[in-house]
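Everything in the sequence shown is counted per numbering that gives the first Met the number 0, starting at 0 for the first residue and increasing by one.
All C-beta atoms in this analysis are idealised placements derived from N, C-alpha and C, irrespective of residue type, glycine included.
Fair warning: this is a prediction, and the values are worked out from it, not measured in the lab.
Read the structure below first, then the notes.
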Amino acid sequence: MFQRDDPRAPMHAFLRRRAALPVWADIAWRVGLIIALITAVLVVHWIERDGLKDNLDGHISFIDVLYFTTVTVTTVGYGDIVPVSDATRLFETFFVTPIRIFVWLVFLGTAYHFVFRNIWHRWRMSRIQKALTGHIIVAGFGTSGSEAVRELMARGVDPARIVVIDGSEASLALAEAKGCNVLNGDATRDEILNDVRIARADAMIVSAGRDDTSILITLTARHLAPELPISTVVRATDNEVLARQAGATTVINPASFAGLLLAGSCQGSHLADYIADLAATGGRVRLRERPVAAAEIGQPLHAVTPGLAVRIYRAGKPVGYWEAGAQALQAGDTIIEIVPGDK
C-alpha cells in the first residue's frame, strides 16, 4: 500500500480536503444566474418594446426582442434594433450596461476561477496544515482504516480532525469524500509524518495492510512523538510483540479478535453478540474510558456510577474490579466502564 517516494520529489507534501462546493454546482449557479439576468432584461424589453425601433422592417416581434436582449447583454449591439424612447434608453444605460459588464466578468471569471480556486484552496490547506493540532492520524485507508474512520465519525469525531495518509489515490478519494483531510505519501518517512504535525496529534491509527510496513510506521511515529497513543493493526500473532516493541500503545489483531468471537460463540450463543456490542457504536451498550473524578477518589471501583466500572489503569497497569487495588480509587487512575449505548 505504501511505497517509497521518489528522492527527487519535494520534501513537503500538501494536505487536501474536499471542497465545500463541487465544480458542477459552481458552474450551475453561474449559468443559472446569467439565465436569470437575461430573462429579467428580456421581460422588460418585451414590456417596453414600443421604445425599440427595428431599422429593417419597423416591426418589433418577440424574436426581435429576444435577439436584441441577447445582443445587448453580451455586446453593445449592432445597430439594426435600437432604443428610441427615453425610458428604454435609461433602462439600457443604468440596468443593461451593468448587467453586460457583470456577465462578462462571470464569463471571464469562470475561466480563471478554477485556477484561482486551486491556488486559494492550496493556500487554505497549507494554513490548516500548519495549524493542525489535536487531530487523529490514520495511516492506511484500507478495510481496517476505513472502518476505524467510520467508527470515529459515528462516535462524534469531526472528519476535519482526521488526517488520512495513504499512497493510493483511490483510497484517498474515498477518505476525502467523507470530509477527512488526506495526504498522499509514505507514512514510514519522517517528512510525511512531520507534514501532518504528528507531534501535535491526539492519536494515531496504523493499518498499512502489511505487518512489516505497519511496524515500521509505528517505529517512525514513536521516534517523532514519544507520548502519542498509537494503535497498530497486525495480522500475524508473532508480530504483535514486535509492534509493541516498536512503540504501539495498542496492538490489534483482527484474526485474533475474530477467533475470540468465534470461540466465545461456542461457549454461549450470546457472548459474541455482547462483545461486538461493546466494541461498536450504536449498540445497547458500549465501553468508555475516562479519568477518575475528584469525587470518586478513595471510593471502591464498584461504587462508580452511573456506568458499570470493570477495570482501572494505574501507572499503566490494569487492575481488575476484584483486585485489592480496586478497593480505593486514586488520583491519576483511568476507569474503564460499561455505559448505555445509543439504542
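Would you identify the three-state DSSP class for residue i, choosing helix, strand or coil?
i, result
"residue 177", "coil"
"residue 319", "strand"
"residue 88", "helix"
"residue 230", "strand"
"residue 156", "coil"
"residue 204", "strand"
"residue 47", "coil"
"residue 148", "helix"
"residue 332", "coil"
"residue 83", "coil"
"residue 239", "helix"
"residue 97", "helix"
"residue 131", "coil"
"residue 185", "coil"
"residue 324", "helix"
"residue 197", "helix"
"residue 137", "strand"
"residue 303", "coil"
"residue 191", "helix"
"residue 53", "strand"
"residue 337", "strand"
"residue 296", "coil"
"residue 59", "coil"
Go to residue i, then tell me how far its beta strand (DSSP E) extends in each direction, as first and last residue.
i, result
"residue 313", "307-313"
"residue 288", "284-290"
"residue 162", "161-165"
"residue 251", "249-251"
Straight-line CA distance for residue i to residue j?
i, j, result
"residue 183", "residue 132", "19 angstroms"
"residue 302", "residue 324", "14 angstroms"
"residue 233", "residue 249", "11 angstroms"
"residue 141", "residue 331", "36 angstroms"
"residue 329", "residue 168", "48 angstroms"
"residue 27", "residue 70", "22 angstroms"
"residue 307", "residue 220", "35 angstroms"
"residue 162", "residue 339", "30 angstroms"
"residue 292", "residue 129", "35 angstroms"
"residue 156", "residue 29", "34 angstroms"
"residue 216", "residue 205", "7 angstroms"
"residue 79", "residue 49", "15 angstroms"
"residue 262", "residue 273", "13 angstroms"
"residue 336", "residue 310", "7 angstroms"
"residue 38", "residue 45", "10 angstroms"
"residue 238", "residue 279", "25 angstroms"
"residue 255", "residue 235", "9 angstroms"
"residue 0", "residue 298", "Confidence at residue 0 is low in this model, with a pLDDT of 47, below 50, so the placement of that residue is unreliable and no value is reported for it."
"residue 165", "residue 209", "13 angstroms"
"residue 143", "residue 296", "38 angstroms"
"residue 170", "residue 125", "21 angstroms"
Go to residue i, then tell me how far its alpha helix (DSSP H) extends in each direction, as first and last residue.
i, result
"residue 74", "Counting along the chain, residue 74 falls outside any alpha helix (DSSP H), and DSSP gives it neither H nor E."
"residue 216", "210-223"
"residue 272", "270-278"
Buried or exposed: which applies to residue i, given that a residue is buried once 16 or more other Cβ atoms fall within 10 Å of its Cβ?
i, result
"residue 60", "exposed"
"residue 268", "exposed"
"residue 75", "exposed"
"residue 151", "buried"
"residue 24", "exposed"
"residue 134", "buried"
"residue 40", "buried"
"residue 252", "buried"
"residue 83", "exposed"
"residue 305", "exposed"
"residue 54", "exposed"
"residue 138", "buried"
"residue 196", "buried"
"residue 89", "exposed"
"residue 181", "buried"
"residue 42", "exposed"
If we define contact as Cβ-Cβ less than 8 angstroms, is residue i a contact residue for chain B?
i, result
"residue 203", "Given the protein chain composition of this structure (a single chain), no chain B is represented."
- Message: Any contact between the stretch 278-291 and the stretch 225-245? By contact I mean 3 or more CB pairs, one from each, below 8 angstroms.
- Response: Per the Cβ contact rule, the stretch 278-291 is not in contact with the stretch 225-245 (fewer than 3 Cβ pairs under 8 angstroms).
- Task: For the stretch 313-327 and the stretch 183-193, state whether three or more C-beta atom pairs, one from each stretch, are separated by less than 8 angstroms.
- Result: no
- Can you find at least 3 beta carbon pairs, one from the stretch 48-60 and one from the stretch 94-103, that sit closer than 8 angstroms? no
- Message: Does the structure place the stretch 262-277 close enough to the stretch 214-231 that three or more beta carbon pairs sit under 8 angstroms?
- Response: Judged by Cβ distances under 8 angstroms, the stretch 214-231 makes no contact with the stretch 262-277, as fewer than three pairs qualify.
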